[in-house]
Structure formats: C-alpha cells, structure tokens
Amino acid sequence: MPFAHITGWGMYVPEPILTNEDLSKLVETSDEWIRERTGIRERRIARDTDFPSTMGAEAALQALKIANLAPTELDLIICASSSPEYIFPSTACIIQDRIGATKAGAFDLQAACTGFVYALNMGAQAIRSGSVKNVLVIGTEALSRFVNWKDRNTCILFGDGAGAFVLQASDQPGGVMSAVMHSDGSGADTLSLPGGGSRHPATEATVREGKHFIQMDGKEVFRFATRVMGRAVTEALEQVHLTTNDVQWIVPHQANYRIIESAAKHLKTPLNKFVVNVERYGNTSTASIPIATIEAAQKSQIKTKDKVVFVAFGAGLTWGAMVVEWTGPLPAKKKVRIEPYRLFARLRSFFRRVLRRLEGILARKEL
Ligand code: UT7
C-alpha cells in the first residue's frame, strides 16, 4: 500500500492588514481586550480582487513548485473552504482551471474549520487505496465577506488567506500516519452561516435579519474546543502507538490563543511544542493549519522526519486530528518550472470557452 507524503506546500495572504486598533474604530472594543481574550493583534483582509479561488491558486502553484510537480500531473484537487466562492460550482473546479490541472478531478469539502484535516485525510486515503498518485489539498478563505462588521463578538476573530499541500504516493514509509474525524450535528446552531442555502435562500428578510453573516455562540464554541482538542490529539497518536513525547510539533487550528493554551494543559505538553501564529492572521478557518505549518517549515522549525500533529475544530460541529511524518519533496528527475503553467492555464481556459461557444452556435444551426 503506497504512503501519502506531504511533498509541497504554499500559502497566500492578502496584503491589507486590519489591526485591533482599526477595529476599535468600527465597534466598541480595544486592542487590549482582543489581545487578552484571543491573542490576536491583526488579520489580513481580502482585496476586491482576492477570492478563495485566486488565493487558493497562488498557494497551490507555490506548493507545486516546492513539490516539483506540474499541475498537469495532478490526479485530484480537494478544496476545503468555509467561504466558498459559490454553492456551486466548487471552488476546487475554479482552481483546477486557474492552474491548468488538465487531468485532475476536483471537489469541495465542507467541514468548516476542520476542513483541512478532513481534506488531507481524504487525499491521503485516496493515495493509500492506490487509485491516485498526486493530490492537491487546499484550504482557502475570504471570511471577511461574511463577517458582520457591527458584531464585536465575531468581527475581531476572522481573517483571510489560503494554504495548500501537495500529497504524493511513495513506497517509502512516512507522510500521513493516522487521522481521526468526528462530528456532532446537535451543535449545528452554535456556529453557522444560516443564509444563502436552501433552508434560508436570500430574500430581503434574510438580509435584514443578518442571516448572511457568521453567527456564533462564542462561549459554547470555546467550551467545545477545549473539550475536544486534547482528546483528538491523543486518539490520533494512540492509533500509531505514540505519545506527545514522540512528537516534535503540534499545529492546532488558530482560533484563539487561550484555546491553544488549554489544549497544551490538557495534553500536559509544553506550549513551545505548539505552532502559534494567531496573533498575525486571526482565525483563517481551513487555511489556518497550512499557513501555520508552512511558516514553521520556512523558519526550519519543522524539519524532515519530524512527527507533527494537526488538530482542528469547527462548525458542524466537527473536529479531528492527524499525525504525519514531515518529509518534503520526493527526488525528481527534472526541475519543473511552474510559471509557464500559469500562462498555459489562462490561454487554455480562454480557448476552451471560445470553443464551447462555437460548438454551441454550430449545434444550434444543425438543429
Ligand atoms: O473556528 C472556530 C471559531 N470560533 C471560535 O473559536 C470562538 C471561540 N470563542 C472565543 O474565542 C471567545 O468566546 C470570544 C473571543 C469570542 C469571546 O471571549 P470570552 O472571554 O468568551 O468573552 P465573553 O463572550 O464571555 O464576553 C465577556 C464580555 C461581555 O461583556 P459583559 O456581558 O460581561 O458585560 C461581552 O459583551 O466581553 C464583552 N465583549 C467584548 N468587549 C470588548 C465581547 N466581545 C467584545 C469585544 N470587545 N470584541
């Protein structure tokens, strides 16, 4: 059975920074309150030209460059997003077109902030089954578009950005070692974006009632998160007969520094084993684990052969954890240049649209 290795990684965050100070001009809050209760100092906000697909595609191309893999060699793209571009088509398909992944299947996976852990596990399982070799897993968010900038309970928390991993099959042991996925739909109303789906399709009333904004019972989510994080880590480690002593890094979902502190306490593990960057990006939902991991890898904190645990929780309610052995790029016969693929993808997309139009016209004439 092939092993699923993480061989490439890439991230993208939009340039505009929204500080706590900026927020204190929008709602009744303060830098001191936000830092004390969440650990967040600032977050990135998508520009009008940034979308989950554009940010996800940038992260993906970087990941492919590190993996030394052409987009055309991808078999599957899984995109996790809590702020997808549309209900359909999937953001994964838009990214597939943007990067020119000509032979890849593509779908979105919805597990809110746990989405990246779920998606990574699904990608790894597809590789383990032998049905695919090269998988791109993306977490990408423009959550700022769903934030009520008048609600101080939520608007201080979220940020935008994207992260991507390439998973590749190899006979060498390593990569994804174990994973657990959990859910509890009885807590569905604890954290939700109720409007715009088939339950509450957009109407004047849904807009007036704020149903198109993120709604959250912060205290309840906090309690739930502190309850499940440590347990999920222990479960994923037990599957491979490891303990936190065998692990070099734990990368938790970056939602609130106090939640991470509580997980560390529960696991009796020093906080300096946890990768934390919530102060600079806030909660970027599905993108938070890849962004934190990539920054740690770039700083050479996470190194080849390190055992790393990812752990996340989110709306659903969902939660999950995964143990991986960090590898890095597989040996490659030739260097793949990614930049030409960007142009190739644009041209290909344009000509396919033109061709589809012409075919439509000809088909109509034949009828
Ligand atoms: O991916 C999962 C996403 N969600 C989460 O992870 C959220 C988890 N929950 C949390 O992070 C925390 O519950 C919050 C940061 C949202 C809130 O922190 P808290 O310590 O649970 O505060 P609280 O809701 O108990 O509010 C305490 C007080 C309240 O005032 P009163 O009723 O005691 O007078 C709030 O109205 O703080 C007030 N408050 C604020 N004050 C200043 C709430 N938000 C703010 C704010 N600035 N932004």
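Numbering of the sequence shown is given in my numbering, commencing with residue -15 and proceeding in unit increments.
All C-beta atoms, glycine included, are put in the ideal place defined by N, C-alpha and C.
Bear in mind that the values here come from a model prediction, so they are computed numbers and not experimental data.
Is the beta carbon of T138 sitting closer than 8 Å to the one on S65? The residue given as residue 138 occupies position 154 in the sequence shown. The residue given as residue 65 occupies position 81 in the sequence shown. For T138 and S65, no; Cβs fall outside 8 Å.
Straight-line Cα distance separating G304 from G312: Translated into positions along the sequence shown, residue 312 becomes position 328. Translated into positions along the sequence shown, residue 304 becomes position 320. Roughly 23 Å between the two C-alpha positions.
Quick one: is W310 buried, meaning 16 or more other Cβ sit within 10 Å of its Cβ, or exposed? On the sequence shown, position 326 is the one that residue 310 refers to. Answer is buried; the Cβ neighbour count reaches 16.
Looking only at its own chain, which residues have a Cβ that is under 7 Å from the Cβ of M165, when we skip the five neighbours before and after it? Taking the sequence shown and counting its residues from 1, one reaches residue 165 at position 181. So the qualifying residues of the chain are Y102, N105, G304.
Looking at the secondary structure, which residues open and close the alpha helix (DSSP H) in which G312 lies? Taking the sequence shown and counting its residues from 1, the one referred to as residue 312 is at position 328. Careful: G312 lies outside any alpha helix (DSSP H) and carries neither H nor E.
Can you tell me whether H237 sits near ligand 1, meaning its C-beta is under 7 Å from at least one heavy atom of the ligand? Mapped onto the sequence shown, residue 237 falls at position 253. H237 Cβ: within cutoff of ligand 1.
What are the residues that DSSP puts in a beta bridge with P274? Position 290 of the sequence shown holds residue 274. In the DSSP output, where bridge partners are listed per residue, P274 has none listed.
Could you spell out the range, first to last residue, of the beta strand (DSSP E) harbouring C77? Against the sequence shown, residue 77 aligns to sequence position 93. C77 -> not in any beta strand (DSSP E); alpha helix (DSSP H) instead, spanning 75 to 83.
For V212, collect the residues of the same chain with a Cβ closer than 6 Å to its Cβ; drop the 5 residues on either side in sequence, then sort them by chain order. Indexing the sequence shown from 1 puts residue 212 at position 228. The residues are F297, W303.
Taking V191 as the reference, give the member of P178, M200, D201 with the closest Cα. Numbered from its first residue, the sequence shown carries residue 191 at position 207. When each option's Cα is compared against that of V191, the closest is P178.
V160, enclosing beta strand (DSSP E) - first and last residue: The sequence position of residue 160 within the sequence shown is 176, counting from 1. Where V160 is concerned, the enclosing beta strand (DSSP E) stretches over 159 to 167.
For S162, collect the residues of the same chain with a Cβ closer than 8 Å to its Cβ; drop the 5 residues on either side in sequence, then sort them by chain order. Residue numbering aside, residue 162 sits at position 178 when the sequence shown is read from its first letter. Closer than 8 Å at Cβ, skipping near neighbours: A220, L221, Q223, V224, M306, V307.
Quick check: the Cα distance between K287 and A146, rounded to an integer number of angstroms? As a first step, residue 287 must be located in the sequence shown, where it is residue number 303. As a first step, residue 146 must be located in the sequence shown, where it is residue number 162. Distance between the alpha carbons of K287 and A146: 22 Å.
Compute the Euclidean distance between the alpha carbons of Q282 and R330, then round it to the nearest angstrom. Counted from its first residue, the sequence shown places residue 282 at position 298. Counted from its first residue, the sequence shown places residue 330 at position 346. Their backbone Cα atoms lie some 30 Å apart in a straight line.
Is the closest heavy atom of ligand 1 to the C-beta of V262 under 7 Å? Taking the sequence shown and counting its residues from 1, one reaches residue 262 at position 278. False, no ligand heavy atom lies under 7 Å from that Cβ.
So, are the CB atoms of I29 and L2 less than 8 Å apart? What you label residue 29 is simply residue 45 of the sequence shown in a count that begins at 1. What you label residue 2 is simply residue 18 of the sequence shown in a count that begins at 1. The answer is yes: Cβ separation under 8 Å.
Identify, in the order they occur along the chain, each residue of the same chain with its Cβ nearer than 7 Å to the Cβ of R31, setting aside the five sequence neighbours on each side. Looking up residue 31 in the sequence shown gives position 47. These residues qualify, in order along the chain: P(-2), P0.
Three or more beta-carbon pairs under 8 Å between the region 316 to 331 and the region 41 to 59, yes or no? yes
Among all the DSSP beta bridges, which residues are the ones paired with E125? What you label residue 125 is simply residue 141 of the sequence shown in a count that begins at 1. According to DSSP, which records beta bridges pairwise, E125 is partnered with G145.
Do the CB positions of P36 and S67 come within less than 8 Å of each other? The residue labelled residue 36 in the question sits at position 52 within the sequence shown. The residue labelled residue 67 in the question sits at position 83 within the sequence shown. Yes, the pair counts as a contact, with Cβ atoms nearer than the cut-off.
When E12, S170, I122 are compared against E204, the one with the closest alpha-carbon: Mapped onto the sequence shown, residue 204 falls at position 220. Of the listed residues, the one whose Cα sits closest to E204 is S170.
Inter-residue Cα distance where the pair is S154 and V116: Sequence index remark: in the sequence shown, residue 154 carries index 170 (1-based). Sequence index remark: in the sequence shown, residue 116 carries index 132 (1-based). Rounded to the nearest angstrom, the two C-alpha atoms are 11 Å apart.
Can you list, in chain order, the stretches of the alpha helix (DSSP H) that have 4 or more residues and sit fully within the region 278 to 349? none
I want to check one thing, is the minimum distance from the CB of F258 to the heavy atoms of ligand 1 below 7 Å? In the sequence shown, residue 258 corresponds to position 274, counting from 1. No, the Cβ of F258 stays beyond 7 Å of every heavy atom of ligand 1.
Chain-order list of residues whose beta-carbon lies under 6 Å from that of G89 (same chain, five-residue window excluded): Within the sequence shown, numbered from 1, the residue matching residue 89 stands at position 105. So the qualifying residues of the chain are L60.
Start and end of the beta strand (DSSP E) containing W17? In the sequence shown, residue 17 corresponds to position 33, counting from 1. Not the beta strand (DSSP E): W17 falls in the alpha helix (DSSP H), residues 15 to 22.
Using DSSP's beta-bridge definition, name the partner residues of Q199. As a first step, residue 199 must be located in the sequence shown, where it is residue number 215. DSSP lists S176 as partners of Q199.
On the CB-based measure, 16 or more other CB atoms within 10 Å of its CB, does I345 come out buried or exposed? Walking along the sequence shown from the start, residue 345 turns up at place 361. Label assigned to I345: exposed.
Determine the direct distance from the alpha carbon of A347 to that of S128, and round the result to whole angstroms. Here the question's residue 128 lines up with position 144 in the sequence shown. Here the question's residue 347 lines up with position 363 in the sequence shown. Distance between the alpha carbons of S128 and A347: 43 Å.
Using a threshold of 8 Å, state whether the C-beta atoms of T270 and C77 are closer than that. What you label residue 270 is simply residue 286 of the sequence shown in a count that begins at 1. What you label residue 77 is simply residue 93 of the sequence shown in a count that begins at 1. No, the Cβ-Cβ distance between T270 and C77 is not below 8 Å.
Given 7 Å as the limit, tell me if N137 has its C-beta closer than that to any heavy atom belonging to ligand 1. On the sequence shown, position 153 is the one that residue 137 refers to. Yes - ligand 1 has a heavy atom lying nearer than 7 Å to the Cβ of N137.
Could you check the C-alpha separation between P254 and W233 for me, to the nearest Å? Residue 254 sits at position 270 when you count from the first residue of the sequence shown. Residue 233 sits at position 249 when you count from the first residue of the sequence shown. Approximately 10 Å between the Cα atoms of the pair.
Would S74 be called buried (16 or more neighbouring beta carbons within 10 Å of its own) or exposed? For the purposes of this step, residue 74 is taken as the residue at position 90 of the sequence shown. So S74 counts as buried.
When you measure from the CB of W303 to every non-hydrogen atom of ligand 1, does any distance come out below 7 Å? As a position in the sequence shown, residue 303 is number 319, starting the count at 1. No, since every heavy atom of ligand 1 falls outside the 7 Å radius drawn around the Cβ of W303.
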